[in-house]
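Q: The sequence shown begins at 24 in our numbering and counts up by one.
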Amino acid sequence: MIETADVVIIGSGIVGSSVAYHLAQAGCSNVLVLEREAHQGKGSTGKSMGGVRAQFATPVNIQMSKYSIDFFSNFDEVVGHPGDYRAHGYLFCATNEKHLTYLKANKERQNALGVTNVEWVAAEDIVKMVPQLRVDDILGGTFCPTDGFVDPHSVMMGFMLNAREKGVRLWLDTQVTGIDVECGDSSPLSKALTSQRTPNESSRIAGVHTSRGFISTRVVVNAAGAWAAEIAKMAGAELPVEPLRRQLVPTEPFAELPQRFPMVIDMSTGFHFRREGKGILLAWNDPQETPGFKTEFDTSFIEKILTHAASRVPVLAEAEVNPRRAWAGLYEMTPDHHAIIGPAPNVEGLFFVNGFSGHGVMHSPASGRITSELVLQGYSDLVDAKQLGVERFAEGRTLEETAVL
Ligand SMILES: Cc1cc2nc3c(=O)[nH]c(=O)nc-3n(C[C@H](O)[C@H](O)[C@H](O)COP(=O)(O)OP(=O)(O)OC[C@H]3O[C@@H](n4cnc5c(N)ncnc54)[C@H](O)[C@@H]3O)c2cc1C
Numbered sequence: 024m025i026e027t028a029d030v031v032i033i034g035s036g037i038v039g040s041s042v043a044y045h046l047a048q049a050g051c052s053n054v055l056v057l058e059r060e061a062h063q064g065k066g067s068t069g070k071s072m073g074g075v076r077a078q079f080a081t082p083v084n085i086q087m088s089k090y091s092i093d094f095f096s097n098f099d100e101v102v103g104h105p106g107d108y109r110a111h112g113y114l115f116c117a118t119n120e121k122h123l124t125y126l127k128a129n130k131e132r133q134n135a136l137g138v139t140n141v142e143w144v145a146a147e148d149i150v151k152m153v154p155q156l157r158v159d160d161i162l163g164g165t166f167c168p169t170d171g172f173v174d175p176h177s178v179m180m181g182f183m184l185n186a187r188e189k190g191v192r193l194w195l196d197t198q199v200t201g202i203d204v205e206c207g208d209s210s211p212l213s214k215a216l217t218s219q220r221t222p223n224e225s226s227r228i229a230g231v232h233t234s235r236g237f238i239s240t241r242v243v244v245n246a247a248g249a250w251a252a253e254i255a256k257m258a259g260a261e262l263p264v265e266p267l268r269r270q271l272v273p274t275e276p277f278a279e280l281p282q283r284f285p286m287v288i289d290m291s292t293g294f295h296f297r298r299e300g301k302g303i304l305l306a307w308n309d310p311q312e313t314p315g316f317k318t319e320f321d322t323s324f325i326e327k328i329l330t331h332a333a334s335r336v337p338v339l340a341e342a343e344v345n346p347r348r349a350w351a352g353l354y355e356m357t358p359d360h361h362a363i364i365g366p367a368p369n370v371e372g373l374f375f376v377n378g379f380s381g382h383g384v385m386h387s388p389a390s391g392r393i394t395s396e397l398v399l400q401g402y403s404d405l406v407d408a409k410q411l412g413v414e415r416f417a418e419g420r421t422l423e424e425t426a427v428l
């Protein structure tokens with residue numbers, strides 16, 4: 024007997040899990056999630072720093088963050104599983120006038136979109152939050168107290184457990200190897216699911232080939248993270264998503280910084296850090312990194328990041344680092360550093376929810392909701408989803424997020 028599902032989701036990371044949750048919440052639970060690994064979270068989700076923030080530059084990212092942070096603050100009650108949201112804040116530290124102008128414009132935009140709690144802070148306020156910070160060149164900054172962190176693994180598991188309680192199926196150890204598209208009219212089911220958008224009647228989803236056999240479906244959601252372009256190609260679609268290595272360095276237990284302080288961003292270098300348990304988690308976007316599926320940690324990165332760390336927080340020069348505890352994962356980058364969410368223009372029934380460019384954890388609630396609404400009703404009540412569609416690149420409507428860490 025051929026397996027069937029109303030919706031097949033490829034990838035069970037935090038994004039695929041959120042889509043499954045939101046579909047099930049909306050009453051669509053004949054959903055099958057396919058994951059090639061034996062466990063969830065082996066992709067980027069398990070490598071993430073867990074940062075969540077509303078301090079973005081573009082309206083759509085601010086809107087997605089606002090919804091997501093509100094969601095995280097009620098996650099445990101609503102989803103019924105812990106998400107470990109900690110509202111410790113994000114503190115952006117400006118070292119020149121350009122930074123200040125940039126933060127001012129962002130703050131106004133954030134305020135206009137309902138994020139009203141972003142505060143201006145002077146160097147004196149910053150020192151109160153993190154006394155060990157070198158502030159001689161800091162002109163000021165912004166602090167948002169509801170920014171903070173979640174535990175990405177817990178959020179992913181919470182979404183998926185809740186979805187499974189409602190009937191969603193998860194197949195682990197199941198690699199997607201191909202996608203069938205066909206010509207002709209839609210079945211009544213697929214018409215109901217995709218009635219609002221029929222960009223090209225001649226090409227539509229017919230099913231998915233996997234290492235466990237064929238699954239007949241009219242709707243496929245591509246939630247394959249850094250591997251999303253390969254999945255799109257299987258259906259004959261183009262998706263501009265590229266993997267880019269990202270490395271994180273935890274210190275050994277370090278008591279010389281406060282037990283609780285915000286994520287601190289040194290805008291002069293992009294170096295940022297937060298507390299992780301007894302140690303400090305150090306992050307920096309190495310401009311020399313080039314696209315590719317590299318996930319091994321490069322030990323030469325330690326010296327580079329410690330140089331930035333010691334320059335901004337001199338006491339961090341004393342921190343010990345065990346290279347074996349450092350790790351690398353993949354960002355899924357798009358040309359304008361914004362997610363691609365929406366139907367594939369040339370394949371009816373194929374939906375993208377990809378290319379989060381470093382923000383997939385924090386935007387997982389919003390992206391799950393937007394995708395579920397697009398699948399079930401053809402539009403989103405949350406944002407104008409047209410702006411997130413992949414066709415923006417061909418149509419010259421790119422968004423360009425500049426607050427990328
Ligand atoms: C070091 C690092 C730090 C980060 N920090 C943050 C942060 O602070 N805040 C934030 O919001 N984001 C952060 N991110 C980004 C965030 O982790 C990602 O955007 C997010 O996890 C993407 O989730 P996903 O579910 O789309 O992808 P993934 O978690 O990668 O899941 C995709 C899944 O698809 C599966 N898959 C792929 N191909 C197939 C196939 N052919 N068949 C079956 N299954 C398949 C994979 O096995 C994988 O499990 C960070 C990323 C990294 C690497």
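In this text, a Cβ means the ideal position worked out from N, Cα and C, and glycines have one as well.
Owing to the predicted nature of the structure, the values given are computational and were not obtained by experimental measurement.
Just how far apart, CA to CA, sit V242 and G171?
A: Those two C-alpha atoms are separated by around 35 Å.
Q: Can you tell me where the alpha helix (DSSP H) with T330 in it begins and where it stops?
A: Per DSSP, T330 belongs to the alpha helix (DSSP H) from 323-335.
Q: What is the rounded straight-line gap between the Cα of Q78 and the Cα of E414?
A: When rounded, the distance between both Cα atoms is 26 Å.
Q: Can the beta-carbon of A251 be found less than 8 Å from the beta-carbon of L262?
A: In contact: A251 and L262 (Cβ atoms closer than 8 Å).
Q: Rounding to the nearest angstrom, what Cα-Cα distance links T197 and H45 in this structure?
A: Approximately 22 Å, taken between the alpha carbons.
Q: Would DSSP call H45 helix, strand or coil?
A: It is helical.
Q: Throw me the rounded Cβ distance for the S226 and V204 pair, which I believe falls under 8 Å.
A: S226 to V204, Cβ: 5 Å. Contact.
Q: What first and last residue would you give for the alpha helix (DSSP H) that runs through E400?
A: Strictly speaking, residue 400 in this sequence is Gln, with Glu absent from that position. Note, Q400: alpha helix (DSSP H), 387-400.
Q: Just to confirm the assignment, what range does the beta strand (DSSP E) spanning A229 have?
A: That run of the beta strand (DSSP E) goes 227-233.
Q: Closest to T421 by C-alpha separation, out of G372, Q400, P358, A367, would be which residue?
A: Ranking the options by Cα distance to T421, first place goes to P358.
Q: In whole angstroms, give me the CA-to-CA distance for K121 and V178.
A: So the two alpha carbons sit approximately 36 Å from each other.
Q: Which residues in the same chain as D174 place their Cβ atom closer than 8 Å to its Cβ, once the five residues preceding and following it in sequence are excluded?
A: Here the set comprises G73, P105, G106, D107.
Q: Flag W194 as yes when its Cβ comes closer than 7 Å to any non-hydrogen atom of ligand 1, and as no otherwise.
A: Answer for W194: no, Cβ out of range of ligand 1.
Q: Among all the DSSP beta bridges, which residues are the ones paired with E142?
A: Its beta-bridge partners are F166.
Q: Exposed or buried, K89, counting other C-beta atoms within 10 Å across all chains shown (16 or more means buried)?
A: Classification for K89: buried.
Q: For ligand 1, is there any heavy atom lying closer than 7 Å to the beta carbon of M183?
A: Not so, every heavy atom of ligand 1 lies at least 7 Å from the Cβ.
Q: Short of 6 Å in beta carbon distance, which residues of its chain neighbour F277, apart from the five on each side in sequence? Order them along the chain.
A: Cβ neighbours of F277 beyond the five flanking positions: G302, I303, A342.
Q: Determine which residues share a DSSP beta bridge with Y354 and list them.
A: DSSP lists L267 as partners of Y354.
Q: Around the C-beta of F316, are 16 or more other C-beta atoms found within 10 angstroms, so that it is buried, or is it exposed?
A: Exposed: under 16 other Cβ atoms inside 10 Å.
Q: With DSSP as the reference, identify every bridge partner of L305, one or two as the case may be.
A: The partner list for L305 (beta bridge, DSSP) reads V272, F296.
Q: Ends of the beta strand (DSSP E) at S239?
A: S239 -> beta strand (DSSP E) spans 236-239.
Q: Does the Cβ of F324 lie closer than 7 Å to at least one heavy atom of ligand 1?
A: It does not: the Cβ of F324 is nowhere closer than 7 Å to a heavy atom of ligand 1.
Q: Considering only C-alpha positions, which residue in the set A117, T165, M180, R157 is nearest to I37?
A: Answer by Cα proximity: M180.
Q: Are the beta-carbon atoms of E424 and T81 separated by less than 8 Å?
A: Yes, they are a contact pair.
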